[in-house]
Amino acid sequence: MMRPHYSSVGLDIDGRWIRAAQLIRGVGRWKLHAAMQLERDDPAAPLTPSDAAAVAGALDRQGFMPAPLVLSAPREACIAAVLELPPRSSGAPLRQIARAELSRTVRVDPAAMECELWDVPGIGRATETSPAMVVALPHASGELLGGIFSGVSDVAAIDARMCALARASSTWLPAAGIGAIVDVGWHSSSITVLIGTTPIFDRTLEHASLSHLHASITKKVGAEVVVPLMQPSAWQDTEFLPLHQQVRPCFTAFLDSMATELSRSLTYIAHRMQQAPLGAVLVSGPEVPGLCERIEKTLGQPVRALTPADAVEIGPSCGHHAQRRELLAAIGLAIPAGSRKKASTGRDAA
Numbered sequence: 027m028m029r030p031h032y033s034s035v036g037l038d039i040d041g042r043w044i045r046a047a048q049l050i051r052g053v054g055r056w057k058l059h060a061a062m063q064l065e066r067d068d069p070a071a072p073l074t075p076s077d078a079a080a081v082a083g084a085l086d087r088q089g090f091m092p093a094p095l096v097l098s099a100p101r102e103a104c105i106a107a108v109l110e111l112p113p114r115s116s117g118a119p120l121r122q123i124a125r126a127e128l129s130r131t132v133r134v135d136p137a138a139m140e141c142e143l144w145d146v147p148g149i150g151r152a153t154e155t156s157p158a159m160v161v162a163l164p165h166a167s168g169e170l171l172g173g174i175f176s177g178v179s180d181v182a183a184i185d186a187r188m189c190a191l192a193r194a195s196s197t198w199l200p201a202a203g204i205g206a207i208v209d210v211g212w213h214s215s216s217i218t219v220l221i222g223t224t225p226i227f228d229r230t231l232e233h234a235s236l237s238h239l240h241a242s243i244t245k246k247v248g249a250e251v252v253v254p255l256m257q258p259s260a261w262q263d264t265e266f267l268p269l270h271q272q273v274r275p276c277f278t279a280f281l282d283s284m285a286t287e288l289s290r291s292l293t294y295i296a297h298r299m300q301q302a303p304l305g306a307v308l309v310s311g312p313e314v315p316g317l318c319e320r321i322e323k324t325l326g327q328p329v330r331a332l333t334p335a336d337a338v339e340i341g342p343s344c345g346h347h348a349q350r351r352e353l354l355a356a357i358g359l360a361i362p363a364g365s366r367k368k369a370s371t372g373r374d375a376a
């Protein structure tokens with residue numbers, strides 16, 4: 027009898043929450059074996075060994091098998107840019123050049139950060155350079171994050187969030203043409219634009235974040251009623267109806283900001299890739315009432331909110347996780363690089 031093959035544990039750290047997922051190899055597809063979410067007491071506080079201890083306890087209670095960790099690179103520390111580099115055929119030291127270019131932009135010592143890069147198809151110009159997507163993480167951020175969680179298990183990699191989402195979303199991304207992933211987060215959200223499953227653009231939106239929405243609602247009503255108000259099911263509860271009317275402008279501002287930023291990003295990409303059609307718009311992360319509908323109205327394009335069931339099969343003990351959109355990044359971290367339809371991004375991308 028074949029022994030079960032378990033994946034690494036994908037650990038997604040997103041400010042207010044720490045989420046984890048582990049897969050088991052099924053027939054032809056990965057299957058969700060275990061998942062969990064922890065809410066941190068103070069989202070603004072730095073991660074500490076006590077967070078790692080809480081994670082270790084939760085993994086044990088939720089039935090995770092011992093395995094290395096793949097961590098998400100912190101959004102605020104991860105640096106991403108498209109750079110014009112010499113073509114690979116030139117034999118030039120591309121990583122060294124890319125690291126030096128990024129260091130001038132962000133004023134970080136090039137020797138103090140790790141970077142990965144991949145070719146950007148379809149937007150090259152008739153020049154002696156070739157566009158490449160470059161992602162970097164300062165060593166200090168990676169070492170701090172890895173050190174905190176090293177007591178939980180071996181840290182196999184720290185992966186760029188855009189790469190994890192590309193793997194988890196690969197079934198729903200067009201084989202050719204443009205796809206976009208809107209990822210809702212606590213401290214910041216992000217927009218990733220891809221050709222196939224290759225990220226070619228990534229933008230962090232600090233102002234369009236759940237923490238900003240949380241703060242605006244709290245300021246509006248003068249009380250901590252944010253959590254029920256941010257759950258779509260609560261909008262059908264007559265108990266909250268007066269509050270809904272009061273905070274609706276907060277949600278409208280958030281939705282307008284997200285839809286506008288996505289439209290701007292796609293306009294920029296369309297300008298650089300005039301013949302590439304927009305094939306898919308996907309949303310991941312915690313559910314925000316009305317977000318998909320607002321994006322559809324702005325773009326005139328269908329929008330799909332991805333769930334774990336869209337990424338992998340759901341194991342018999344994980345049925346209650348099947349629709350939890352916020353687990354998608356953790357699942358993408360657990361999916362081995364290269365195991366999805368040309369999931370093109372390097373696992374050690376950060």
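Going by the numbering used here, the sequence shown opens with residue 27, and the numbers climb by one from there.
Glycine is no exception: its CB is placed at the ideal position from the N, C-alpha and C atoms.
Cβ-based burial, residue i [other Cβ within 10 Å; buried from 16]
| i | result |
| --- | --- |
| E352 | buried |
| P315 | buried |
| D68 | exposed |
| M188 | buried |
| G168 | buried |
| D180 | exposed |
| E313 | buried |
| P30 | exposed |
| D282 | exposed |
| T230 | buried |
| P157 | buried |
| A192 | buried |
| G248 | exposed |
| D38 | buried |
| A356 | buried |
Cβ-heavy atom distance, residue i to the ligand ZN, below 7 Å
| i | result |
| --- | --- |
| F175 | With respect to the ligand ZN, the structure offers nothing, as it holds no ligand at all. |
Whole-angstrom C-beta distance between residue j and residue i, which should lie under 8 Å
| i | j | result |
| --- | --- | --- |
| A118 | L143 | Incorrect: roughly 12 Å between the Cβ atoms, too far for contact. |
| D40 | W198 | In fact, because the Cβ distance is near 21 Å, the residues do not count as touching under 8 Å. |
| A337 | A201 | That pair is no contact at about 17 Å. |
| I89 | S343 | Note that residue 89 is Gly in the sequence shown, not Ile. Contact holds; Cβ gap of about 7 Å. |
| L73 | A190 | Incorrect: roughly 18 Å between the Cβ atoms, too far for contact. |
| F280 | A234 | 6 Å |
For residue j and residue i, the rounded distance between their alpha carbons
| i | j | result |
| --- | --- | --- |
| G345 | L95 | 23 Å |
| H347 | V134 | 40 Å |
| A335 | S116 | 44 Å |
| D11 | S215 | Within the shown structure, residues of the chain are numbered from 27 to 376, placing residue 11 beyond reach of any answer. |
| V146 | A302 | 13 Å |
| A331 | L317 | 9 Å |
| R290 | L170 | 35 Å |
| G36 | A93 | 10 Å |
| R274 | H238 | 14 Å |
| M91 | L354 | 19 Å |
| K246 | L269 | 10 Å |
| I361 | S196 | 11 Å |
| E232 | A166 | 22 Å |
| T131 | R101 | 17 Å |
| Q327 | E154 | 36 Å |
| T236 | R66 | Strictly speaking, residue 236 in this sequence is Leu, with Thr absent from that position. L236 and R66: Cα-Cα distance of roughly 15 Å. |
| G305 | L220 | 10 Å |
| T293 | A46 | 34 Å |
| R296 | A70 | For the sequence presented, residue 296 should be read as Ala rather than Arg. Near 37 Å, if we compare the C-alpha coordinates of A70 and A296. |
| P111 | I204 | Looking at the sequence provided, one finds Leu at residue 111 rather than Pro. Cα to Cα, L111 sits roughly 22 Å from I204. |
| A126 | S176 | 30 Å |
Residues bridged to residue i (per DSSP)
| i | result |
| --- | --- |
| T218 | I207 and D228 |
| S98 | D185 |
| M139 | P164 |
| G36 | A47 and V96 |
| P157 | E110 |
| L308 | I207 and R330 |
| M299 | Paired residues: none, contrary to the question. |
| Q63 | R45 |
| K245 | None, per the DSSP bridge assignment. |
| K57 | I50 and E339 |
| D145 | A158 |
| I105 | A162 |
Contact set for residue i: own chain, Cβ-Cβ below 8 Å, skip 5 residues either direction
| i | result |
| --- | --- |
| E339 | G52, R55, W56, K57 and L58 |
| L128 | I105, A107, L109, V134, P136, M139, C141, V160 and A162 |
| I174 | L73, T74, P75, D77 and A78 |
| R350 | A61, Q63, T333 and P334 |
| L288 | A206, V208, I217, V307, I321, T324 and L325 |
| C276 | L239, S242, I243 and K246 |
| G172 | L97, V181 and I184 |
| R114 | L120, D145 and S156 |
Contacts around residue i, its chain only, beta-carbon distance under 6 Å, and the 5 residues preceding and following it disregarded
| i | result |
| --- | --- |
| T218 | M188, I207, P225 and D228 |
| V178 | A78, V81 and A82 |
| R320 | L281 and A285 |
| G22 | The requested residue 22 is not part of the displayed model; the chain covers only 27 to 376. |
Contact set for residue i: own chain, Cβ-Cβ below 7 Å, skip 5 residues either direction
| i | result |
| --- | --- |
| A99 | L163, I184, D185, A186, R187 and A376 |
| K368 | With a pLDDT of 37 at K368, under the threshold of 50, the modelled position of that residue is not reliable, and the figure given next carries that caveat. Hits under 7 Å: G222 and T223. |
| L64 | W43, I44, A80, V81 and A84 |
| R121 | C141 and L143 |
| R373 | Because R373 sits at a pLDDT of 45, beneath the cut-off of 50, its placement in the model cannot be relied upon, and the point is left open. |
| Q48 | Y32, S33, V35, H59, A60, F90, M91, A93 and A360 |
| A103 | L163, P164 and S167 |
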